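Asks: All letters in the sequence shown, in the order written, are residues -30 to -1, 1 to 155 by mature numbering (1 follows the signal peptide of the UniProt record, and there is no 0).
My questions will all concern the structure given below.
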Amino acid sequence: MTMATTSSSSFLSTLVVCLIVAFLMTPTTSNPLAKVCIKSKNPRFCLQVLGLNPHLSPYELTLEAINLAMASASGTTKKIHTFLDQTKDDNLKVIYNSCLNFYQSVIDTLTSTEEHFLKEGQYYGVNVAGNIAQLDSFQCETAFQSIIGYAYESTLTKDNENLRIFGSIVVSAIDCLYNSTSLKW
């Protein structure tokens, strides 16, 4: 194979991938995944975590978004416990305990959401849960700047950002589900 053939082949592969992603991100009534991801805070991340399966129903996408948000929050909770065990700084202990409370609130809300609101068709509660995930991840991030006279660099920035995005995916997914049914909030 010559250099020109390799370059041309690479270009064509990239072009095909871009066309597939563009197709999936073009909102249509037959592609709930595209509808959900395009409305999320990070469509690319959304497509990566929900997979390139445009055949999931709006209900399945919402359930998957809730489960991914819970898994993210649970993983971060374990991480916070590790940080709490390792730090000797009392201010950081306050911050980590605050974040732990925020993340536990998200887990409790998402668990309740999956058990009650989603299964009972009370979609407004799912929307609230997605918004709580976004808000509590933001509050955890700002907790690192909350101790007067101290400025701590957040050790949870990526985790907080991921939960914020997962929360936006939950909100986008429930909106898609809501709009695909005759039920109204």
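Virtual Cβ for every residue (Gly too), placed ideally from N, Cα, C.
Predicted model, so just to flag it, every value in this text is computed and none were measured.
Would you grab the beta carbon distance between T47 and Q18 for me? Rounded to a whole angstrom, and I think it's under 8 Å.
Replies: What you label residue 47 is simply residue 77 of the sequence shown in a count that begins at 1. What you label residue 18 is simply residue 48 of the sequence shown in a count that begins at 1. So it is not a contact: roughly 23 Å between Cβ atoms.
Asks: Given that a residue counts as buried once 16 or more other Cβ atoms are within 10 Å of its Cβ, and exposed if not, what is S10?
Replies: Position 40 of the sequence shown holds residue 10. With 16 or more Cβ atoms within 10 Å of its Cβ, S10 is classed as buried.
Asks: How long is the line joining the alpha carbons of V76 and Q115, rounded to whole angstroms?
Replies: Residue 76 sits at position 106 when you count from the first residue of the sequence shown. Residue 115 sits at position 145 when you count from the first residue of the sequence shown. If you take the alpha carbons of V76 and Q115, they lie about 21 Å apart.
Asks: If you check the beta carbons only, do L31 and P2 fall under 8 Å apart?
Replies: Indexing the sequence shown from 1 puts residue 31 at position 61. Indexing the sequence shown from 1 puts residue 2 at position 32. Cβ atoms of L31 and P2: closer than 8 Å.
Asks: Going residue by residue through the stretch 10 to 41, where are the continuous alpha helix (DSSP H) segments of at least 4 residues, counting only ones entirely within it?
Replies: With a minimum length of 4 residues, the continuous alpha helix (DSSP H) runs that stay inside the stretch 10 to 41 are 13 to 20.
Asks: Could you give the C-beta distance for F136 and A35, rounded to a whole number, given that I count them as a contact under 8 Å?
Replies: Mapped onto the sequence shown, residue 136 falls at position 166. Mapped onto the sequence shown, residue 35 falls at position 65. That belief holds up - the Cβ atoms of F136 and A35 are roughly 7 Å apart, short of 8 Å.
Asks: Rounded to whole angstroms, what's the CA-CA distance from L26 to F72? Just pull it up for me.
Replies: On the sequence shown, position 56 is the one that residue 26 refers to. On the sequence shown, position 102 is the one that residue 72 refers to. One C-alpha to the other measures close to 31 Å.
Asks: Assign Q56 to buried or exposed, taking buried as 16 or more other Cβ atoms, counted over all protein chains shown, within 10 Å of its Cβ.
Replies: The residue you call residue 56 lines up with position 86 of the sequence shown. With fewer than 16 Cβ atoms within 10 Å of its Cβ, Q56 is classed as exposed.
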